[in-house]
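11 is the number of the first residue of the sequence shown in the working numbering; add one for each residue after it. Think of the CB as a built atom: it goes at the ideal place given N, C-alpha and C, for glycine as much as any other residue. Written out below as structure tokens is the structure these notes cover.
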Amino acid sequence: MSGGLLVAGTTSDAGKSVVTAGICRWLVRRGVKVAPFKAQNMSLNSFVTREGAEIGRAQAMQAQAARVEPTALMNPVLLKPGSDRSSQVVLMGKPVGEMSARGYHGGRQEALLGTVTDCLEELRSTYDAVICEGAGSPAEINLRRTDIVNMGIARAARFPVLVVGDIDRGGVFASFFGTTALLSAEDQALVAGYLVNKFRGDVSLLEPGLDMLYGLTGRRTYGVLPYAHGLGIDEEDGLRVSLRGAVRESVVAPPHGEDVLRVAVCAVPLMSNFTDVDALAAEPGVVVRFVDRAEELADADLVIVPGTRGTVKALAWLRERGLAEALVRRAAEGRPVLGICGGFQVLGERIEDEVESRAGVVDGLGLLPVRIRFDRDKTLARPVGSALGEPVEGYEIHHGVADVRGGEPFLDGCRVGAVWGTHWHGSLESDAFRRRFLVEVARAAGRRFVPAPDTSFGVLREEQLDRLGDLVEEHADTDALWRLIEGGAPAGLPFVPPGAPPLGAGAPESRGAAPDPAPQSPEGLGFAGSAGSRGQGLELAGSAEATPQELELARSAEAMPQEVGEATVVHVDQEAK
């Protein structure tokens, strides 16, 4: 059995994803075979593994940091918000239905603990170390009973917990203390210490506070990571996160030609996989910004309508804000527009949706000769092909089926004049294709922009991951971290009062107590079988190879609520923005 560590955070966006990636990169560079893990992820940024499973992009990025192939084992539960009140549940890389937050936290989540612990144990049997990422805060006292991603998984695996705090927000000492003091005695016994993230200034001025924190909690601080620009790669959700994305901040080189190229990305509701534009921003002289007003498209050389989990909702939003009219006008003027996935669907003639929005037949913008029909089965694929004379790789995540009725072929979509559309995410990471595409855009826009001949997005991403590893190696006590990973939390850590409050009717009366989350097979979700089978993904009903257990899971998924008819308490802290 391998060692491990849970990286928790005082808040969402404290830096858990990048710290986990940094630890993975540090470990693999010292010869440790390491894997990332996040039991439950809530994100609209997802990725398709080679086995055809959908997982969070953050875990795919962490797998790259660990120099291993990402699999569904690394993110067994993915929640993809479709509204403020419901999410699509993706289990072992396959969608199993829509659920309200109340329904999920009311019992379904707890039933999944056996699945996620089985996945974790399989990883532990294969790797020397597993670095787990938590979600939101471990001190969400209203949700502790059903938690499977923070202290629930730490307790089940007996992993030590390192709590990350963002000092740039302020209040980091109160956050560390309060997070610890709101946990039960059993949970506190696994909280080994803290890691300060995004510090600016002289560390010696911070040290008295760290000493006082130790006196108050009996827990040491394992490092103070400095504020570093350009490390927001492939995190969870949120436009703010994307706008400070890694490559965009790090590129300062002037344009290779005479002009810059301005790219405007429509910030549609439920925007998904906004990381598609990171590769464009990697190019010297390409300026990428997110916009939500029609007038902001006026000086753009290229407008991108990105992916979304709500195609019909995004279409209505574009019309309400005048962006739809501006896009139609651009197309008529021969000015470049690119639609990706949901954005591609928006640009078509007609959308027939009885699955995602249940809106029926809705007219699209009519810029491409394409008709979209939403299918209950989700397409998850890793296509390879060519476009503009260059090789391209990508990945597909969509319910919409495109009936292309004209135009020039373009990555299984089409092109009409200066309007392109495709379901392929990630295509712009193919360097030669991206350069050729930018040449086409510059010509149509009348810009004297020339893409640099040697920009490699893959190399830039590796450099960012190495920077993460450097931060951990240079600013954390790595010897002490390794002792945690190998040996667990130190014995005798003191209890910090008051501890967790009572959980309500039927809950333990003692403030220091919490129910032990004993691992069990999640029969309530109809999943059964050996952990070894889970790495192969999960087939739904209708597959020729579906087992009785898998058919039961599909039936269970069909029984999940498809609509939310009551007020719901939304778990906004677990990476939902």
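- Let me know the secondary structure DSSP gives E549 once reduced to three states. Caution applies to E549, whose pLDDT of 29 falls short of 50 and renders its modelled position unreliable; the value that the coordinates give is listed next. Reduced to three states, the DSSP call for E549 is coil.
- Query: Excluding the five sequence neighbours on either side, which residues of its own chain have a C-beta within less than 6 Å of the C-beta of L235, listed in chain order?
  - Reply: So the qualifying residues of the chain are N207, L481 and H485.
- Item | Paired residues, beta bridge with L16 - DSSP | L16 is bridged to C142 and V171.
- Item | Outcome for N55 when other beta-carbon atoms lying within 10 angstroms are tallied against a minimum of 16 | By the neighbour-count rule (16 or more Cβ atoms within 10 Å), N55 is buried.
- Message: Given a cut-off of 8 Å on the beta-carbon distance, is the pair E472 and W434 in contact?
- Response: Inclusion of E472 and W434 in the CB contact set at 8 Å is not warranted, their separation being larger than that value.
- Message: Assess contact between the stretch 277-294 and the stretch 424-431, defined as three or more Cβ pairs (one per stretch) separated by less than 8 Å. Is contact present?
- Response: Verdict: no, contact absent.
- Task: Give the DSSP bridge partners of M3, in chain order.
- Result: This structure cannot speak to residue 3, because the chain is shown only from 11 to 587.
- Item | Close beta carbons around I163, own chain, < 6 Å, minus the five adjacent residues each side | Closer than 6 Å at Cβ, skipping near neighbours: A49.
- What residues match up with M597 in a beta bridge as DSSP calls it? This structure cannot speak to residue 597, because the chain is shown only from 11 to 587.
- Query: From L307 to E293, what distance separates their C-alpha atoms?
  - Reply: If you take the alpha carbons of L307 and E293, they lie about 20 Å apart.
- Message: Does F505 come out as helix, strand or coil in the three-state DSSP assignment?
- Response: DSSP places F505 in coil when its eight states are reduced to three.
- Query: Does DSSP put M71 in a helix, a strand or coil?
  - Reply: DSSP places M71 in the helix class (H, G or I) of the three-state scheme.
- C34 to R477, Cα distance in whole Å? Roughly 12 Å separates the two Cα atoms.
- How many angstroms separate the CA atom of V328 from the CA atom of V372? A small fix is needed here, since residue 328 is Leu in this sequence, not Val. Straight through space, the alpha carbons of V372 and L328 are spaced by roughly 14 Å.
- For M52 and L193, the rounded distance between their alpha carbons: Between the alpha carbons of L193 and M52 lies a gap of roughly 23 Å.
- To the nearest whole angstrom, what separates the beta carbons of V201 and V173, a pair I think is in contact under 8 Å? Going by Cβ atoms, the distance from V201 to V173 rounds to 6 Å, so yes, they are a contact pair.
- Task: Have a look at A82, E217 and A75 and flag the residue whose alpha-carbon is nearest the alpha-carbon of R60.
- Result: The residue from A82, E217 and A75 with its alpha-carbon nearest to that of R60 is A82.
- Any idea what DSSP makes of A391, helix, strand or coil? DSSP, read as helix, strand or coil, puts A391 in strand.
- Query: If we count the other Cβ atoms within 10 Å of its Cβ and call it buried at 16 or more, is M102 buried or exposed?
  - Reply: Answer is buried; the Cβ neighbour count reaches 16.
- Measure the Cβ-Cβ separation of L16 and G144 and say whether it is below 8 Å. Yes; because the gap between Cβ atoms is below 8 Å, this pair is in contact.
- Use the C-beta contact count for G468: other C-beta atoms within 10 angstroms, 16 or more gives buried, fewer gives exposed. By the neighbour-count rule (16 or more Cβ atoms within 10 Å), G468 is not buried but exposed.
- Contact under 8 Å by Cβ, L421 with V402: Yes, these two residues count as a Cβ contact at 8 Å.
- Message: I'd like to check one pair, G399 with R446: are the Cβ atoms closer than 8 Å?
- Response: G399 sits close to R446, with the two beta carbons spaced by under 8 Å.
- Message: Taking the straight line between their C-alpha atoms, what separation do you get for R381 and G349?
- Response: Taking the straight line joining both Cα atoms gives about 14 Å.
- Query: Would A289 pass as a contact of R444 if the rule is Cβ separation under 8 Å?
  - Reply: Note that the C-beta distance between A289 and R444 is below 8 Å.
- Query: Which partner residues of D23 appear in the DSSP bridge assignment?
  - Reply: DSSP, once it has assigned bridges, lists no residue as partnering D23.
- Message: Suppose you measure from the CA of A75 to the CA of P170; what does that come to, to the nearest Å?
- Response: Straight-line Cα distance between these residues: approximately 21 Å.
- Message: So, with DSSP's three-state summary, where would you put L348?
- Response: Three-state DSSP puts L348 in a strand.
- Task: With DSSP as the reference, label M84 as helix, strand or coil.
- Result: In the three-state scheme derived from DSSP, where H, G and I count as helix and E and B as strand, M84 is classed as helix.
- Message: Any heavy atom of the ligand NAP inside 7 Å of the beta-carbon of L15?
- Response: Within the structure as shown, the ligand NAP is missing, as the structure has no ligands at all.
- Query: CB-CB under 6 Å to A191, same chain, minus the five flanking residues each way: which ones, in chain order?
  - Reply: The answer, listed in chain order, is V506.
- Task: Taking only the alpha-carbon atoms, compute the straight-line gap between Y137 and N283 and give it to the nearest angstrom.
- Result: Straight-line Cα distance between these residues: approximately 29 Å.
- Same chain, Cβ closer than 8 Å to L455, five either side skipped, listed in chain order: Sequence check: residue 455 is Ala here, not Leu. So the qualifying residues of the chain are L271, D311, L312, R345 and P346.
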